[in-house]
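Colleague: Residue numbers 3 to 313, in our numbering, belong to the letters of the sequence shown in order.
First, the structure itself, so that you have it in front of you.
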Amino acid sequence: MTTPERLDGRRILVTGGSGFIGRATVRALLEGGASVTVADLRAFPDPDVPTVVGDLRDPACRSEAVATGTDTIVHLAAMTSVLRSVEEPVAVYDTNVAATAGLLELARERGIERFVFASTNAVAGDVGDQLIHEGLALAPLTPYGATKAAAEMLMSAYGASYGLQACALRLTNVYGRGMGVKDSFIARLLRHAKAGTEAQVYGDGEQRRDFVFLDDVVRAFTQTCGDGCSGVLVVGSGHSVTMNELLDEVRAVTGAALPARHTDPKPGEMRAVRVDVSRARQAGWEPQVDLRQGLTETWRDARGWADPSAP
Ligand SMILES: NC(=O)c1ccc[n+]([C@@H]2O[C@H](COP(=O)([O-])OP(=O)(O)OC[C@H]3O[C@@H](n4cnc5c(N)ncnc54)[C@H](O)[C@@H]3O)[C@@H](O)[C@H]2O)c1
């Protein structure tokens, strides 16, 4: 993987470019010299960035988005809520699998060189205390994880059958600037810290998770756009913490008391997510921001978040 400076002249479509990871990725790709188009349900905040506003489940929207001359698709658009995927398995299939299949087919028809995809370590399912790496069999536990695994399989076939350079980045829990509207654990903790309210923790809080900082994830995308890769890379901090440790870190960074109420464990919740990022390291990517630094920066941003009273 190389640096974003090598993106001069590249024409990149970013689906989901108006979302949390998308906005930061688009900005980094532009800084790297690429021409970027966004396709999203929502307009990109900067009107100078061309955006196809529409639903990628619609073939006409996909066709408009994948303009002639595009060489790379960074596919981030997705239904991202695991909970919603359990409630609406067909809807998550339509967005995360059928729309992805449609984009891959356009990539084949229109000679797109590279397809970079935001996948998740949830494709591996519950592996106990084992380190999660690219070689594990896929055994997702939720419709969300299953749709990401299905999309990876389609990408593998388009790579093997049609020579598309297809790379799936399996992300852990991403946090950072601009996550104010997200429902993820760190966003909720920061909203509680801001509002002076009590956080809720499932079970004993000893479950381990990997939290990776937004800038590190963005660099994984920009580097993959520059160098390409094929197959799968696990992208995480490589350093898991327990929920109790995370609470202490958030208290240290924010200065908030952040009382925590432990509730019943969530049935089926994984005890540990620990990832091995050595393949991404071999490809030249390195997580650079540790949890303390990342939380400090996210907290700085959180002070401007709109609604402190609604964790
Ligand atoms: N945030 C994380 O911790 C995390 C972890 C693993 C994987 N991912 C993956 O990374 C990607 C980006 O995640 P995010 O956190 O930025 O999510 P996000 O919800 O902030 O952004 C997703 C964007 O996709 C757009 N979108 C959704 N459905 C669409 C459709 N049918 N047509 C057009 N646009 C559509 C949304 O409007 C939104 O702007 C997703 O694919 C997600 O599954 C995220």
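Here a beta-carbon is modelled for each residue, glycine too, at the ideal position from N, C-alpha and C.
My understanding is that Ala170 touches Ser239, with C-beta atoms under 8 Å, so please give their C-beta distance in whole angstroms.
Modeller: As a first step, residue 170 is located in the sequence shown; it is residue number 168 there, counting from the start. As a first step, residue 239 is located in the sequence shown; it is residue number 237 there, counting from the start. Their Cβ separation, rounded to whole angstroms, is 19 Å, which puts Ala170 and Ser239 out of contact at 8 Å.
Colleague: Among Gly104, Leu260, Arg305 and Leu173, whose alpha-carbon lies nearest the alpha-carbon of Glu200?
Modeller: The residue labelled residue 200 in the question sits at position 198 within the sequence shown. Cα-wise, what sits closest to Glu200 is Leu260.
Colleague: Tell me Gln167's beta-bridge partners as DSSP assigns them.
Modeller: Reading the sequence shown from its first residue, position 165 is the one you call residue 167. Partner(s): Arg116.
Colleague: Hey, how far is the Cα of Glu90 from the Cα of Pro145?
Modeller: Along the sequence shown, one-based indexing puts residue 90 at 88. Along the sequence shown, one-based indexing puts residue 145 at 143. Between Glu90 and Pro145, the C-alpha separation is close to 8 Å.
Colleague: Looking only at C-alpha atoms, which of Phe187, Arg305, Ala141 and Ile14 sits nearest to Asp128?
Modeller: Counting from one through the sequence shown, the residue named residue 128 turns up at place 126. The shortest Cα separation from Asp128 among Phe187, Arg305, Ala141 and Ile14 belongs to Ala141.
Colleague: With distances taken Cα to Cα, identify the nearest neighbour of Val125 among Val54, Asp206 and Val236.
Modeller: Residue numbering aside, residue 125 sits at position 123 when the sequence shown is read from its first letter. Comparing Cα-Cα distances from Val125 to each of Val54, Asp206 and Val236, the minimum goes to Val236.
Colleague: Apart from the five residues just before and just after Val84, which ones in its own chain have a Cβ nearer than 8 Å to its Cβ?
Modeller: Residue 84 sits at position 82 when you count from the first residue of the sequence shown. Excluding sequence neighbours, Val84 sits near Ala124, Thr144, Tyr146 and Gly147.
Colleague: Using the Cα positions of Thr1 and Glu66, report the straight-line distance between them to the nearest angstrom.
Modeller: The chain is shown from 3 up to 313; residue 1 falls before or after that span and cannot be answered.
Colleague: Val99: buried (16+ other C-beta within 10 angstroms of its C-beta) or exposed?
Modeller: Here the question's residue 99 lines up with position 97 in the sequence shown. Flag for Val99 reads buried.
Colleague: Assuming the contact rule is C-beta atoms closer than 8 Å, Cys227 and Arg64 should be a hit. Round their C-beta distance to whole Å, please.
Modeller: Numbered from its first residue, the sequence shown carries residue 227 at position 225. Numbered from its first residue, the sequence shown carries residue 64 at position 62. With a Cβ gap of about 20 Å, Cys227 and Arg64 do not count as contacting.
Colleague: I want to know whether the region 20-38 touches the region 207-223 - three or more CB-CB distances under 8 Å.
Modeller: The region 20-38 is in contact with the region 207-223.
Colleague: Would you please state the rounded distance, in angstroms, between the beta carbons of Arg210 and Tyr160? I believe it to be under 8 Å.
Modeller: Taking the first residue of the sequence shown as position 1, residue 210 is located at position 208. Taking the first residue of the sequence shown as position 1, residue 160 is located at position 158. Contact flag wrong, Cβ pair sits at about 35 Å.
Colleague: For His194, which of Val88, Gly113, Thr39 and Ala262 has the nearest alpha-carbon?
Modeller: Counting from 1 along the sequence shown, the entry for residue 194 is found at position 192. It is Ala262.
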